[in-house]
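*Asks:* Have a look at this one.
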Amino acid sequence: MDLTKMTNKDEDTFCKKMRKATREIHSISDALVNAKLAFGFLDDSVWADGLLIFYEIFRYLELAMIRWKHTEVGSLLQDELRRTEAFERDLEFYLGKEWTKNYNPRESVTKYLNHLKEIENTEPILLLAYIYHLYMGLLSGGIILRKKRQVMRKIWPFKGPQTIVNNITDFGNSNIYELKRNMRDTMNSIAETLDEDTKNKLIEESKMVFTLNNEIIRSIKGAGTILIKKTMYFIIPIMIFLLALFISMREV
């Protein structure tokens with residue numbers, strides 16, 4: 125058995141090519157998520173806003189997979205991965221049962237949705253880039269964020285509400301590794317049936333996935349305010365201590 129050939133084949137899979145092509149902009153996305161949603165570890169309003177910006181995107185993609193269920197686009201739809209209802213349960217918990225009453229997608233989300241609609245109307249196969257990257261992101265980064273949030277809530281000295289709801293990253297008894305492997309295998313199998321031009325378009329569209337993700341992530345509300353509040357929790361006691369120390373030294 126030629127192990128070199130096996131290694132080269134593995135390195136040349138379509139998913140590996142997409143990952144390599146998006147490495148730089150993906151790193152920017154990771155940094156933005158860590159910068160914005162880190163405040164959501166401690167503040168539910170920031171966390172909820174992070175959910176809200178992606179809710180419409182996942183809902184659109186799931187409906188698109190149903191609309192195109194007899195095509196390559198629909199082949200990525202696994203029942204265990206359906207997240208629309210999970211998003212809605214989480215948003216209802218954090219924003220209240222009537223959260224949809226006055227809700228309108230923000231400008232960056234509307235721009236994202238319009239781009240998806242344009243793709244679906246002109247070249248629906250390119251939706252695969254969005255489906256693959258967003259669901260793989262949820263299965264990887266989404267679960268990591270959930271674990272970080274749980275840890276931060278335990279060690280944070282200023283206790284607030286301790287109830288955490290994370291339906292969007294709860295996949296029941298499904299094996300996360302298997303879900304990710306199935307998605308990779310399906311994507312690679314689809315790519316084998318596509319011509320080079322379509323594969324190149326998918327790789328280029330993968331970069332747009334992260335560009336649009338970055339735009340909506342930047343719109344997460346409240347992170348700056350939370351930073352000021354949390355910083356003040358530490359600064360004020362220190363200032364009081366220094367003032368008391370200064371007064372005591374003056375009296376000596």
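Letter by letter, the sequence shown follows residues 125 to 376 in my numbering. C-beta atoms are modelled at their ideal positions from N, C-alpha and C, and glycine is treated no differently. Quick caveat: nothing in here was measured; it's all calculated off a predicted structure.
1) Leaving out the 5 sequence neighbours to the left and right, which residues in its chain are closer than 8 angstroms to I352 when beta-carbon positions are compared?
2) Classify S151 as helix, strand or coil using the three-state DSSP reduction.
3) Compare the beta carbon distance of L205 and L303 with 8 angstroms and say whether it is the shorter of the two.
4) Between which residues of its own chain and T355 is the CB-CB distance below 7 angstroms, once the five residues before and five after are set aside?
5) Could you check whether Y254 and V157 sit closer than 8 angstroms to each other, using their CB atoms as the reference points?
6) Taking Y256 and M307 to be in contact with their CB atoms under 8 angstroms, please state how far apart those CB atoms are, rounded to whole angstroms.
7) For chain D, is any of its Cβ atoms less than 8 angstroms away from the one on I300?
8) Could you give the DSSP three-state label for P248: helix, strand or coil?
9) Does the stretch 133-149 come close enough to the stretch 327-344 to have 3 or more Cβ pairs within less than 8 angstroms?
10) Mapping the DSSP letters down to three states, classify S199 as helix, strand or coil.
11) Residues in the same chain with beta-carbon distance under 7 angstroms from E244, minus the five sequence neighbours each way, listed in chain order, please.
12) Could you give the distance in angstroms between the alpha-carbon of Y259 and the alpha-carbon of L185?
13) When we look at the beta-carbon of G174 and count the other beta-carbons within 10 Å, is it buried (16 or more) or exposed?
14) Is DSSP giving H194 helix, strand or coil here?
15) Name the two residues that bound the continuous alpha helix (DSSP H) containing S343.
16) Pull up the distance between the alpha-carbon of G220 and that of S169, whole angstroms please.
17) Between V289 and P248, is the Cβ-Cβ spacing less than 8 angstroms?
18) Using the C-alpha atoms, what's the distance from Y179 back to A210?
19) Distance, Cα to Cα, K272 vs G266?
20) Which value, in whole angstroms, describes the spacing of the CA atoms of S77 and I292?
21) At the level of alpha carbons, what is the spacing between K193 and E231?
22) Anyone know if the C-beta pair for V233 and I177 falls short of 8 angstroms?
23) Is the beta carbon of Y227 sitting closer than 8 angstroms to the one on A172?
*Replies:* According to the structure data:
1) For this step, residue 352 is matched to residue 228 along the sequence shown. Per-residue confidence for I352 stands at a pLDDT of 39, beneath the threshold of 50, marking its modelled position as unreliable; the derived number appears in the next sentence. The answer is none, since no qualifying residue turns up.
2) If you number the sequence shown from 1, residue 151 lands on position 27. The answer is helix: DSSP assigns S151 an H, G or I state.
3) Position 81 of the sequence shown, counted from the first residue, corresponds to residue 205. Position 179 of the sequence shown, counted from the first residue, corresponds to residue 303. A contact, by the Cβ cut-off of 8 angstroms.
4) Here the question's residue 355 lines up with position 231 in the sequence shown. Interpretation of T355 is limited by its pLDDT of 41, a score under 50 that renders its predicted location unreliable; the figure taken from the coordinates is listed afterwards. Answer for T355: no residue qualifies.
5) On the sequence shown, residue 157 is found 33 positions in, with the first residue counted as 1. On the sequence shown, residue 254 is found 130 positions in, with the first residue counted as 1. No, the Cβ-Cβ distance between V157 and Y254 is not below 8 angstroms.
6) Indexing the sequence shown from 1 puts residue 256 at position 132. Indexing the sequence shown from 1 puts residue 307 at position 183. The pair is a contact, with the Cβ atoms about 7 angstroms apart (cut-off 8 angstroms).
7) Within the model displayed, chain D is absent; a lone protein chain is all it includes.
8) Working through the sequence shown from its first residue, we reach residue 248 at position 124. The answer is helix: DSSP assigns P248 an H, G or I state.
9) Yes: at least three Cβ pairs fall under 8 angstroms.
10) Here residue 199 corresponds to residue number 75 of the sequence shown, with the count starting at 1. Residue state, collapsed to three classes: helix.
11) Against the sequence shown, residue 244 aligns to sequence position 120. So the qualifying residues of the chain are A188, L251.
12) Walking along the sequence shown from the start, residue 259 turns up at place 135. Walking along the sequence shown from the start, residue 185 turns up at place 61. About 10 angstroms.
13) One-based indexing of the sequence shown puts residue 174 at position 50. Label assigned to G174: buried.
14) Taking the first residue of the sequence shown as 1, we reach residue 194 at position 70. Residue state, collapsed to three classes: coil.
15) To locate residue 343, count along the sequence shown from 1; it is residue 219. Element bounds for S343: n/a, residue is neither H nor E.
16) Numbered from its first residue, the sequence shown carries residue 220 at position 96. Numbered from its first residue, the sequence shown carries residue 169 at position 45. So the two alpha carbons sit approximately 12 angstroms from each other.
17) Within the sequence shown, the letter at position 165 stands for residue 289. Within the sequence shown, the letter at position 124 stands for residue 248. Taking 8 angstroms as the Cβ cut-off, V289 and P248 do not qualify as a contacting pair.
18) The residue you call residue 210 lines up with position 86 of the sequence shown. The residue you call residue 179 lines up with position 55 of the sequence shown. The straight-line gap from Cα to Cα measures roughly 10 angstroms.
19) As a first step, residue 272 is located in the sequence shown; it is residue number 148 there, counting from the start. As a first step, residue 266 is located in the sequence shown; it is residue number 142 there, counting from the start. G266 has its alpha-carbon roughly 10 angstroms from the corresponding atom of K272.
20) In the structure displayed, the chain extends from 125 to 376; residue 77 sits before or after that span and is not available.
21) Within the sequence shown, the letter at position 69 stands for residue 193. Within the sequence shown, the letter at position 107 stands for residue 231. When rounded, the distance between both Cα atoms is 29 angstroms.
22) Indexing the sequence shown from 1 puts residue 233 at position 109. Indexing the sequence shown from 1 puts residue 177 at position 53. Yes, they are a contact pair.
23) Taking the first residue of the sequence shown as 1, we reach residue 227 at position 103. Taking the first residue of the sequence shown as 1, we reach residue 172 at position 48. No, the Cβ-Cβ distance between Y227 and A172 is not below 8 angstroms.
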